[in-house]
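**Student:** Can you keep this structure in mind? I'll have questions shortly.
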Amino acid sequence: MVPRIEMDRLTKYYGATLVLDQVDLAVADREVVALIGTSGSGKSTLLRCVARLVDYDHGAIRLDGVALEGELPERELRKRIGIVFQSFNLFPHLSVLDNITLAPRKVHGQPRGQAEERARELLELFGMSEHAASYPERLSGGQQQRVAIVRAMATDPDVLLLDEVTAALDPELIGGVLDVIRDLKQRGMTMLIVTHEMGFARDVADRVAFLDEGRICEISPPSQLFAEPEHPRTKQFLQRIIESGRL
Amino acid sequence: MVAAVSTAVVFGLLAWFVASSPFWPRIQATYFSAEDMRLSFPRVLRGFWLNMRIFLVGEVAILVLALLVAVARSLTGPVAAPLRIAAVVFIDLLRGVPSLLLILLFGFGIPALQLPGVSRSSLLWGSVALILSYSAYTAEVYRSGMIAVHGSQRAAAKALGLSQWQALRYAVIPQAVRNVTPALLNGVVSLQKDVVLLSVIGAREAVREAQIYTASTFNYSSYVVAALLFLLASVPLARFTDWYSRRDEQRRLQRAF
Ligand SMILES: Nc1ncnc2c1ncn2[C@@H]1O[C@H](COP(=O)(O)OP(=O)(O)OP(=O)(O)O)[C@@H](O)[C@H]1O
Ligand SMILES: [Mg+2]
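In C-alpha cells, the structure reads:
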C-alpha cells in the first residue's frame, strides 16, 4: 500500500550545516508516528519541510504517492497537510471562530455559513463551543492550543503535523491538549508528532522514531524502542531522560 | 481633587500676575482686543474651514497612500523588486526634503510649467506636496508596525495556505495598524497644524487670513483667533490620542499577564 506520507532521502542544509541527512520515513494511513531526539537534531525542520514552510535541498516528499514539489498544487497541499506549532500562533485580532474559518473561506472558497458550521462542529467535538466568539488573549494556553489544532483540522486534512504542542504549556494544561490528540488518533487521523513527552509518545504512537543529528537512528514500536533500544545513541538519550525523571 | 485645586491655584496666580503687570493694557490691546477679534473672526473662520477640508481629505489620502507604499516596500521576491525599489526611493526622497520646500516646488513649480491638461492650481499642487511628504513619513510608521508582527504569524498564515498578499491583508496589516495607532494619531494632530504651511503659496487658510487682517490694522488679535480655533480642534484630538494610547498600553500589559 502507498504510504500516506513518505520522505525519500530528504536532505536539508541551513547554510553549510547539514540539518536533515537523507531521511527515509513513511507514515501509513491512520498511523501515528512520534519523533523524538535531542534539541537541534532536526525534528522541527523535518516537519517544516513536510509542511513546505522551508525548502529542502535533495530528496522528495510524497503525499499518497504524489510529490509535494512540482506535482501537488499548493492549495491542495495546504488543505491536506495541517501543522500546529509550539507557540499556537493564533491570530490575536481575530475571534476563535474567525481564526478557524479564515483558511476555509479565503483560501478554499467555502461560503461563510458552511465554514462556520464546520468550525462549530469541531469546537463542540473538543469541548470548546463556548469560546467561539472569544479572542485568543482571553483563553488559557491550553485552550489556545486546542483552538490551533481545530484551526489546522478545519480543512479536513489527511495528515496532521504537531510540533511540541504542549511544550509551552503549564503542566496542568497539558492533559487537555493530549486528550485532544488521543481523540484524533481514535478518529483515524494520520499524525507525525514531535514531542518531549515520552510517556505520551509511548501511549499514543504506533511507532517512535529517534532522530539524531539529522538522521533517523532507530524507528520501532514504542514497546520496543523504550524497552530495548538498539542503537547506542538511543540508549544514551533515553538514559538521560530517565535520569531527569521524564519517563 | 488636590491636583485640580493646585492646578487652579497655579494658573490663577499666573493670570493675576500677568493681568496686574503694568504692560497688561498694551498686551490686551495688541492681542486680545475684543473689537478686532470680532471683526477678524468671520474671515479667519472661513480660512479655518479651508484648513479643515484640506486636513480631512489629506489625512484620508495619506493613510491610504502610506499603507500602499509600506506594503510595496515589504513585498518579497524578485517579481516585486521594482515596486519595492520604487517605495524605497519614494520614502527616501520625500522624507528627506522639508515639507515647506516640497510645497514651494510643487505649488509654484508645477503650475508654472503650464503643461496641457495639468491643473494650474497652486493650492491643489501644494496640497499634493503635503500629502506626499506626510505619506512618506507615515509609510515608515506602518512599516515599523509590520516589522513588529512576529514572523511566526506569517508562518501560520503560510501553513494555512494564505498567499503573501492574503497574509498581509488578513494577518499582518490588521495587527500592524493596531500596533502603530498611537503613532498614527500623533501624525494626525501634526498634519492639522502643518496645513498652515500652504499659506506660503498663497492659500487663503486661517493664518493667511489672520495675516491679511493684521497687515491692515497692525493688531495681532486675529492671530489669537486663529490660534484659538486650532486649539479647539487639536486639544480634543490630543486628549483622545492620550486616552487611546493608555488603553492600548493596558491591553498589552494584560496580554503579557
Ligand atoms: N532558520 C534557521 N536558520 C539556520 N539554522 C537553523 C534554522 N532553524 C533551525 N536551524 C538549525 O537547524 C538545526 C535543527 O533545528 P530544529 O529546530 O529542526 O531542531 P529540533 O530538533 O526541532 O530542536 P528542538 O528540540 O530544540 O526544537 C539546529 O542546529 C538549528 O540551529
Ligand atoms: Mg523544534
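Sequence lines, in order, name chains A and B. Per the working numbering, the first sequence starts with residue 290, numbered consecutively. Per the working numbering, the second sequence starts with residue 69, numbered consecutively. Even for Gly, the Cβ is constructed at its ideal location relative to N, Cα and C. What you are looking at is a predicted structure, and each value in this text was computed from that prediction instead of being measured.
(1) Whole angstroms is fine: what's the gap from SER423(A)'s alpha carbon to ILE241(B)'s?
(2) Please identify the residue among VAL112(B), GLY229(B) and TRP311(B) whose C-alpha is closest to the C-alpha of GLU365(A).
(3) ASP344(A) lies in the beta strand (DSSP E); which residues open and close that run?
(4) Return the residue from the list ASP445(A), PRO446(A) and ALA437(A) that minimises the CA-CA distance to GLN221(B).
(5) Enumerate in chain order the residues of its own chain whose CB-to-CB distance from PHE377(A) is below 6 Å, with the five nearest sequence positions on each side excluded.
(6) Determine the burial state of PHE489(A): buried for a count of at least 16 other Cβ atoms within 10 Å of its Cβ, exposed for fewer.
(7) Give, in chain order, every residue of the segment 236 to 253 of chain B whose Cβ lies closer than 8 Å to some Cβ of chain A.
(8) Let me see if you follow: with CB-CB separation under 8 Å, is VAL396(A) close to chain B or not?
(9) Quick check: the Cα distance between ARG314(B) and PRO250(B), rounded to an integer number of angstroms?
(10) From PRO110(B) to ARG319(B), what does the alpha carbon distance come to, in whole angstroms?
(11) Using a Cβ distance threshold of 8 Å, determine whether the segment 193 to 211 of chain B contacts the segment 125 to 134 of chain B, with at least three qualifying pairs required.
(12) Specify the secondary structure class of PHE499(A) as computed by DSSP and reduced to three states.
(13) Alpha carbon to alpha carbon, what distance is there between SER330(A) and VAL355(A)?
(14) Is the segment 292 to 306 of chain A touching the segment 344 to 362 of chain A, taking contact as three or more C-beta pairs under 8 Å?
(15) For a contact defined as C-beta to C-beta under 8 Å, what are the partners of ALA392(A) on chain B?
(16) Can the beta-carbon of ALA421(A) be found closer than 8 Å to that of VAL385(A)?
(17) So, is the C-beta of ALA76(B) closer than 8 Å to a C-beta in chain A?
(18) Do you know whose CA, among VAL139(B), GLU127(B) and LEU236(B), lies nearest ALA197(B)'s CA?
(19) Under 8 Å, Cβ to Cβ, is there at least one residue of chain A near ALA148(B)?
(20) Could you tell me the distance, in whole angstroms, from the CA atom of VAL70(B) to the CA atom of LEU81(B)?
(21) So the alpha helix (DSSP H) ALA227(B) belongs to, where does it begin and stop?
(22) Thinking C-alpha only, which one of PHE374(A), GLU320(A), CYS338(A) and GLN375(A) is nearest LEU357(A)?
(23) Evaluate contact between the segment 116 to 127 of chain B and the segment 267 to 287 of chain B, counting only Cβ atoms and requiring at least three cross-stretch pairs below 8 Å.
(24) Does DSSP classify THR285(B) as helix, strand or coil?
(25) Cα separation between PHE325(B) and ASP316(B)?
(26) Could you pull out every residue in the same chain whose Cβ sits closer than 7 Å to the Cβ of ASN287(B), ignoring the five residues on either side in sequence?
(27) What three-state label does DSSP hand ALA422(A) in the structure shown?
(28) Does the beta carbon of SER220(B) come closer than 8 Å to any beta carbon on chain A?
(29) Considering only heavy atoms of ligand 1, list every residue whose Cβ is less than 5 Å from one of them, following chain order.
(30) Is it right to say GLU486(A) is buried, meaning 16 or more other beta carbons lie within 10 angstroms of its own, or is it exposed?
(31) Out of ILE269(B), SER267(B), MET214(B) and ALA224(B), which has the shortest C-alpha to C-alpha gap to ALA244(B)?
(32) Rounded to the nearest angstrom, what separates ILE392(A) and LEU300(B) at their Cα positions?
(33) Give me the residue from SER89(B), THR144(B), THR285(B) and ALA155(B) with the minimum Cα distance to SER203(B).
(34) Can you look up MET214(B) in the DSSP assignment and give me helix, strand or coil?
(35) Is GLU453(A) near ligand 2, going by C-beta to nearest heavy atom under 7 Å?
(36) If you follow the alpha helix (DSSP H) that TYR238(B) is part of, which residue opens it and which one closes it?
**Tutor:** This is what the structure gives:
(1) Taking the first sequence and counting its residues from 1, one reaches residue 423(A) at position 134. Taking the second sequence and counting its residues from 1, one reaches residue 241(B) at position 173. Cα to Cα, SER423(A) sits roughly 21 Å from ILE241(B).
(2) In the first sequence, residue 365(A) corresponds to position 76, counting from 1. Comparing Cα positions, the closest option is GLY229(B).
(3) The count along the first sequence starts at 1 and reaches residue 344(A) at position 55. Secondary structure note for ASP344(A): it is in no beta strand (DSSP E), with a DSSP letter that is neither H nor E.
(4) Position 153 of the second sequence, counted from the first residue, corresponds to residue 221(B). Checked all of ASP445(A), PRO446(A) and ALA437(A); the closest Cα to GLN221(B) is ALA437(A).
(5) Within the first sequence, the letter at position 88 stands for residue 377(A). Taken in chain order, the residues that qualify are GLN433, GLN434 and ALA437.
(6) Translated into positions along the first sequence, residue 489(A) becomes position 200. Classification of PHE489(A): buried, given that the 10 Å Cβ count is 16 or more.
(7) TYR238, ALA239, PRO242, GLN243 and ARG246
(8) As a position in the first sequence, residue 396(A) is number 107, starting the count at 1. Taking Cβ atoms only, chain B reaches closer than 8 Å to VAL396(A), which makes this a yes.
(9) For the purposes of this step, residue 314(B) is taken as the residue at position 246 of the second sequence. For the purposes of this step, residue 250(B) is taken as the residue at position 182 of the second sequence. Near 9 Å, if we compare the C-alpha coordinates of PRO250(B) and ARG314(B).
(10) Numbered from its first residue, the second sequence carries residue 110(B) at position 42. Numbered from its first residue, the second sequence carries residue 319(B) at position 251. Those two C-alpha atoms are separated by around 45 Å.
(11) Yes, the segment 193 to 211 of chain B is in contact with the segment 125 to 134 of chain B.
(12) Counting from 1 along the first sequence, the entry for residue 499(A) is found at position 210. Strand at PHE499(A).
(13) Counting from 1 along the first sequence, the entry for residue 355(A) is found at position 66. Counting from 1 along the first sequence, the entry for residue 330(A) is found at position 41. Rounded to whole angstroms, VAL355(A) to SER330(A) spans 27 Å at the Cα level.
(14) yes
(15) Residue mapping note: residue 392(A) aligns to position 103 of the first sequence, counting from 1. Neighbours of ALA392(A) on chain B, chain order: LEU228, GLY229 and LEU230.
(16) Start at 1 with the first residue of the first sequence, and residue 421(A) comes out as number 132. Start at 1 with the first residue of the first sequence, and residue 385(A) comes out as number 96. A contact, by the Cβ cut-off of 8 Å.
(17) Looking up residue 76(B) in the second sequence gives position 8. Chain A, which has no Cβ nearer than 8 Å to the Cβ of ALA76(B), makes this no.
(18) For the purposes of this step, residue 197(B) is taken as residue 129 along the second sequence, with counting starting at 1. It is GLU127(B).
(19) For the purposes of this step, residue 148(B) is taken as residue 80 along the second sequence, with counting starting at 1. It does not; no Cβ of chain A falls within 8 Å.
(20) Position 2 of the second sequence holds residue 70(B). Position 13 of the second sequence holds residue 81(B). VAL70(B) and LEU81(B): Cα-Cα distance of roughly 16 Å.
(21) By one-based count along the second sequence, residue 227(B) stands at place 159. Taken as a continuous stretch (DSSP letters only), the alpha helix (DSSP H) holding ALA227(B) covers 219 to 227.
(22) Within the first sequence, the letter at position 68 stands for residue 357(A). Of PHE374(A), GLU320(A), CYS338(A) and GLN375(A), the residue nearest in Cα terms is CYS338(A).
(23) yes
(24) Position 217 of the second sequence, counting from 1, holds the residue named residue 285(B). Three-state result, THR285(B): helix.
(25) The count along the second sequence starts at 1 and reaches residue 325(B) at position 257. The count along the second sequence starts at 1 and reaches residue 316(B) at position 248. Caution is warranted here: a pLDDT of 48 is assigned to PHE325(B), below 50, making its placement in the model unreliable, and no coordinate value can be reported.
(26) Sequence index remark: in the second sequence, residue 287(B) carries index 219 (1-based). Leaving aside the five residues that flank ASN287(B) on each side, the residues in its chain whose CB is nearer than 7 Å to its CB run, in chain order, THR98, SER101 and ASP104.
(27) On the first sequence, position 133 is the one that residue 422(A) refers to. In this structure, ALA422(A) counts as coil in the three-state DSSP scheme.
(28) Residue 220(B) sits at position 152 when you count from the first residue of the second sequence. With 8 Å as the cut-off, SER220(B) counts as an interface residue toward chain A.
(29) TYR303(A), VAL308(A), SER328(A), GLY329(A), SER330(A), GLY331(A), LYS332(A), SER333(A) and THR334(A)
(30) Along the first sequence, read from residue 1 onward, the residue named residue 486(A) stands at position 197. Looking at its Cβ environment, which holds 16 or more other Cβ atoms inside 10 Å, GLU486(A) is buried.
(31) As a position in the second sequence, residue 244(B) is number 176, starting the count at 1. The option with the nearest alpha carbon to ALA244(B) is MET214(B).
(32) Along the first sequence, read from residue 1 onward, the residue named residue 392(A) stands at position 103. Along the second sequence, read from residue 1 onward, the residue named residue 300(B) stands at position 232. The residue asked about is misnamed: residue 392(A) is Ala in this sequence, not Ile. Taking the straight line from one Cα to the other gives about 47 Å.
(33) The sequence position of residue 203(B) within the second sequence is 135, counting from 1. Ranking SER89(B), THR144(B), THR285(B) and ALA155(B) by Cα distance to SER203(B) puts ALA155(B) first.
(34) Position 146 of the second sequence holds residue 214(B). It is helical.
(35) Walking along the first sequence from the start, residue 453(A) turns up at place 164. Correct: GLU453(A) has its Cβ closer than 7 Å to ligand 2.
(36) Position 170 of the second sequence holds residue 238(B). Careful: TYR238(B) lies outside any alpha helix (DSSP H) and carries neither H nor E.
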